[in-house]
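So the structure is just underneath, and the comments pick up after that.
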Amino acid sequence: MTTLTSGKRVDSAEAPPRPERGRRRRRRLFTPGKVVSYLFVLLIMVMYLFPLGFLINTALKSTTEFYKDPVGLTKSFQFGNFAQAWQKGHFGAYFMNSVMYTSVAATLNTVVSLVVGFPVSRGYVRHRKLWYGIFVAMLFLPNALMTQFQLVLRLNLYDTALGYILIMASGLGVGPLLLVGYLKSVPKEMDEAAALDGIGYWRFMFTFLPPLIKPVLATIFILQAIGVWNDIILATILLPDPAKSPITLGLFAFQGTYTSQWGLLAAATMIVAAPLVVAYVFLQKFLVGGVAGSVKG
Amino acid sequence: MTTSSLPSRRVHRRAVAAVSVLATAALLAACSSGSGGSATSSGAPTGTLKFIVSSSDASDAGFRAVNAAFMKKYPAVKIQFDAVPNANFAATNSSRLTAGNVDITLAGPKALPSYVPATAEGDDARAAQAGVYVDLTSQPMMKRFSPSVLAVTDFKGKQYTVPTGVSYYSGVYYNKDLFAKYGLSVPTTWDQFVTLSNKLRSNGVAPLGIGGKDGWPAGLTMVSAVQGLYPSAQDKQSLDQGLWQKKVNLTDALPAKVLDRVSTMYGFAQKNFTGVAYTAIPAGFANGEFAMTADGTWNEPTIASAVGSKFKFGYFPIPTGDSAAANATLGGKVELTLAVPSSAKNKNAALAYLDFFSQPANYTKFVTLAGFASSEPNIATSDFLKSIQSYTKTFSPAWDTVFVSNPKAGNAATFPFNYVEVAPLGSMTVQQAAAHAQKDWLAGL
Amino acid sequence: MSEFYPFGGRAGLRSTFSLGMSFVLVFAIVPAVAVVVISFTDIRGLPYIPINWVGIENYLTFFSGAKLGYNLHALQNTLVFAFSVTIFQNLIALLIAVVLSTKLRGRTFYRAVVFMPTVLGVTVIGLIWSLIFNPSAGPGASIWSWFGANSAFFGDQHIALALVIFVQVWAGLGLAVVIFLAGIQAIPEELYECASIDGAGASKKLRHITVPLLAPSFTANVLLCIVGSLQSYQLAYVLTGPNNPATQLLSLAVFTQAFGGGTSSGSSQSQGYAAAISMVQFVIVGIISIAVLVYLRRQESKT
């Protein structure tokens, strides 16, 4: 390895007759390839950072100022918008609801995926192909809004956080499939070795296995968390009590009531988005790494 | 051990599956048995009263005022009032009704005319027949309402709902100052309306403001068009019957004229009205972005608060008919009709509330805040409503309350005038839209 | 036939597996099967209304002359939406991932920024873009006016769907980029170095190393994306509401039919019919997924 790379450097120092276009390993910063790359990245950054910046800018304007000059930089820094939005919007409560639903449902979902995926991938249950087929079929289940509503109702779980969480956790999606795929890289000998050491099935599955398959568990968790975090329709149907609304519904209802007051709306959106962005800054290594790790594995 | 346990697991799974299916079937069957309720109020109300309506700033304020007064009078009652955004209301209503989780809600059962098959019956009507709502006919509070209004909300000789007011919506709010500036007066014929709008446009003012993004506000132009071209209730009834009996085509001269009027009004609307939300209209009107706006009288409090003291505004029916006589009335509907579900857990409090609501003192409070016209006689009205009294002397039901929609028909025939597909809301010309609606209408008959 | 089970007693296995599967069965599979059942009835949204078996009437209504045009339009929108989102999202994500895998300064930051919308949630994203594409005044309107045009954006029949696709791609790029980036970083450096020595430029490396080795995860990603976007409607719901014909999607139609209805005309919730739509969508998703899977597998085996 080192010889190759050092050999490379020697090469470049001698200016080989090959064309230089797009050579990634060059130390020079301004090859055409690099310039194009940076420009492209700049474009992407604008596309992603501008909306946030615009949101902040609008949140600091009064509604009249917005109508007069929607695009320009704010002249009056209306921090009052935030106070008003917070007061009217009860976002603190909605936020906690969403966090609770997401974490519990995603955890439950991951556990269930593990519990059903592990035996199937190892073949510890009969009719392995049947179960695997069911996992695949679960990706394509028809939209069951009405019947899930009826089910929750009959179980007396209507308008309860528990009912909502159970429904959100049951959409297994790709979880078991990802798990089965990943488990191929964990040799069966591990199971047998642990068994020989006197470790039972439960202990193995819940304490020994998870550290070995952290990336895929993290991915399943994250994918499911994203799904629950973004849900608005099931919350509309299953959680009529506004006190139980997740943030998606809370913000949507707020928008419904204050549609044309953009300053207020933007402030409300910022109130919801800001903690997410902050949390994200701290968690992104974990989040992104989790997804990346499972792909690698 | 392994082989003997597995068949039992398979059996176990099958049993679970079978039980689930049976349970589902049994529950579906149980769903279909009804329990009607007769109304008895006994003793002072207590407990929680769950109350849902579809949200609108003005009426929400009205209800909240009455709620506060009610809770003051009966401290043992706690009212859980949910003003649900319009978009979510039907879903919320359905799920809460099914769960028995609501004591007062909105309902609008309408009896079918004889020429309409039973399949077109609306859900509320079916529900009323199945006893989902409490029969309020014999309740003493119903006597407080005007007989003419009760005649409209009557369902097969019974009263299931309390009418909270009346609204009119075949007209426009207009900016009196702008009208004065350009020397315009209230038009009474279509030609006058067109001339007036053209004059406004040539002076750089958008004549008409429509909140097209939400869809239905554009439909108000359609309702006005029908109001002017089929002025009396009888005209509209005949049109409905003619459509159902295939005697009238949507492509005939007069029905097509409705869409023609709609198209012209779209032409007078502000730029990109199809992307403007309904709730942005009051602010636009207040800012003078357009001189008139097609809206209902229910929105008057919101518009008044947006306009403030900037200018004076009024309301007149859009003169879509050719003669002044045809344009003399405003089409209206009975607003927010409240019903008590039979599955309500606190019927006592619900009935006590409705009784309290209809008492003249409380009702006046409500109607003033909500901006509705009164459904009870001898209630003091606002100046605004007094100003349109000449148009509302006799109640003229608006087209969308007369027309019976056919669920089997294609989507273009929902109203059935196909205002949705007329450009720029849609992409068709008037003739194409009318033809499409006719095709979809016939397909359902 | 089960394989050798080393853990001795099966109680642990049986209890957790059956508990897990029962949970899934009751909350996910039974409702899905029940959808088939109720699609043969005329069940409505309000309770206590008599329910009758109507056989395949709901399906006939779906394909009837009256409704077919509208339903085909919704189907067309769904397909256009799903395929556009999948294609654009994956291609652009691949491009970004390739660029970010080079030694650019601050690429961790770029990666983090692109992934951020995933965290924000659909309502926040919907609000931000509704604000930007406000037809009366805003950045969208300003940019359009540079070209001398103005538009109703989400209210404009012709571009509403395109805008929703744009926002969906914007929102979903992050996850795809991260997945592809991980995949690229899993490709051993030596391959690239050998290629350099052999005189390969960047584009040749891309074509002969990156793309073929990335193919399996690309396939998986594309398939999941298609299945997901054929059934996705949360963003369309937030941006344009459930009743906008220009952005009518099949899943949204299920919601509208099952839980919709105007307040003035009373509820009109034909849940039996909604279930039929749901089943038709299910069949279509199934067919398309299998077709795409077969096609992609074939492509994979070619390279």
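Residue numbers (this note's numbering), protein chains in the order written: chain A, 1 to 297; chain B, 1001 to 1445; chain C, 2001 to 2303.
A virtual CB, placed ideally from N, CA and C, is assigned to each residue, including glycine.
For the segment 44-130 of chain A, list the alpha helix (DSSP H) runs that are entirely contained and at least 4 residues long, ordered along the chain. 63-68, 80-89 and 91-122
Taking only beta-carbon positions, decide if L153 of chain A is within less than 8 Å of chain B. Cβ-Cβ to chain B under 8 Å: yes for L153 of chain A.
What does the Cβ neighbour count give for K1247 of chain B, buried or exposed, with the cut at 16 atoms within 10 Å? Here K1247 of chain B is exposed: its Cβ has fewer than 16 other Cβ atoms, across all protein chains shown, within 10 Å.
Quick one: which residues of the segment 2048-2059 of chain C get their C-beta closer than 9 Å to a C-beta of chain B? List them in chain order. Hits within the stretch, in order: Y2048, I2049, P2050, I2051 and N2052.
V2085 of chain C, DSSP secondary structure in three states: V2085 of chain C falls in the helix class under three-state DSSP.
Near-chain D residues of the segment 48-60 of chain A - C-beta to any C-beta below 7 Å: Here the protein chains are A, B and C, and chain D is not one of them.
Give the single residue among A:T102, A:L178, A:L55 and A:D191 whose Cα lies nearest to the Cα of E2003 of chain C. A:D191
Within 10 angstroms of its Cβ, does V1223 of chain B collect 16 or more other Cβ (buried), or is it exposed? buried
With a Cβ-Cβ cutoff of 8 Å, do S1263 of chain B and V1422 of chain B count as a contact? Taking 8 Å as the cut-off, the Cβ atoms of S1263 of chain B and V1422 of chain B count as close.
Distance, S1342 of chain B Cα to S1038 of chain B Cα: Reliability of the predicted coordinates at S1038 of chain B is poor, the pLDDT of 35 falling under 50, and the value obtained from them is presented with this limitation in mind. Between S1038 of chain B and S1342 of chain B, the C-alpha separation is close to 8 Å.
Which residue's Cα is closest to the Cα of Q150 of chain A: C:I2287, C:A2028, C:Q2299 and C:Q2248? The shortest Cα separation from Q150 of chain A among C:I2287, C:A2028, C:Q2299 and C:Q2248 belongs to C:A2028.
Look at A169 of chain A and A105 of chain A and say whether their C-beta atoms are less than 8 Å apart. yes
Answer yes if the segment 1157-1175 of chain B comes into contact with the segment 1297-1313 of chain B, meaning at least three C-beta pairs across the two stretches below 8 Å, and no otherwise. yes
Near-chain A residues of the segment 2207-2227 of chain C (beta-carbon distance less than 7 Å), N- to C-terminal order: Along the segment 2207-2227 of chain C, going in chain order, the ones with a CB nearer than 7 Å to a CB of chain A are S2217, L2224 and V2227.
Counting only the same chain and skipping the five closest in sequence on each side, list residues whose C-beta sits under 8 Å from that of V2054 of chain C. Cβ neighbours of V2054 of chain C within its own chain (closer than 8 Å, five residues either side excluded): F2040, T2041, D2042 and G2272.
Kindly identify the DSSP beta-bridge partner or partners of E1335 of chain B. B:G1165
Which bits of chain B does A253 of chain A rub up against, with CB to CB less than 7 Å? Residues of chain B passing the Cβ test: P1085.
In the structure shown, what three-state DSSP assignment does V1053 of chain B receive? strand
For N2090 of chain C, which of helix, strand or coil comes out of DSSP? In the structure shown, N2090 of chain C falls within a helical segment according to DSSP collapsed to helix, strand and coil.
DSSP state of A1409 of chain B, grouped into three classes? coil
In whole angstroms, give me the CA-to-CA distance for V2015 of chain C and Y2005 of chain C. Correcting the residue type first, residue 2015 of chain C is Ser in the shown sequence and not Val. C-alpha separation (whole angstroms): 15 Å.
Just to confirm my understanding: we take T1274 of chain B, look at its own chain, exclude 5 residues before and 5 after, and list those with CB closer than 7 Å. What are they? Leaving aside the five residues that flank T1274 of chain B on each side, the residues in its chain whose CB is nearer than 7 Å to its CB run, in chain order, G1212, K1213, P1424 and L1425.
Residues bridged to R2044 of chain C (per DSSP): C:S2270
Can you tell me whether G1171 of chain B is helix, strand or coil according to DSSP? When DSSP states are grouped into helix, strand and coil, G1171 of chain B belongs to the strand group.
Smallest Cα separation from V1334 of chain B: which of B:N1088, B:T1392 and B:N1327? B:T1392
Nearest by alpha-carbon distance to L1178 of chain B: which of B:T1161, B:S1374, B:S1197 and B:G1062 is it? B:S1197
Please report whether the beta-carbon of L1097 of chain B lies at a distance below 8 Å from any beta-carbon of chain C. The beta carbon of L1097 of chain B falls within 8 Å of a beta carbon belonging to chain C, placing the residue at that interface.
Touching or not, the segment 221-235 of chain A and the segment 1049-1068 of chain B, by the rule of three or more beta carbon pairs under 8 Å? no
Nearest-angstrom Cα separation, counted from T2240 of chain C out to L2094 of chain C: 29 Å
Along the chain, where does the beta strand (DSSP E) that runs through Y258 of chain A open and close? Y258 of chain A -> no beta strand (DSSP E), and no H or E assigned at all.
Please tell me whether S1427 of chain B has its Cβ less than 8 Å away from any Cβ of chain A. no
Along the chain, where does the alpha helix (DSSP H) containing D1383 of chain B start, and where does it finish? D1383 to S1387
Since Y2237 of chain C meets chain A, which of its residues come closer than 8 Å, beta carbon to beta carbon? I232 and I233
When the cut-off is 8 Å and only beta carbons count, does Y280 of chain A lie next to chain C? yes
Can you give me the start and stop residues for the alpha helix (DSSP H) that T1364 of chain B sits inside? P1360 to A1370
For a test of the three-state rule: what should DSSP assign to P1341 of chain B, helix, strand or coil? Residue state, collapsed to three classes: strand.
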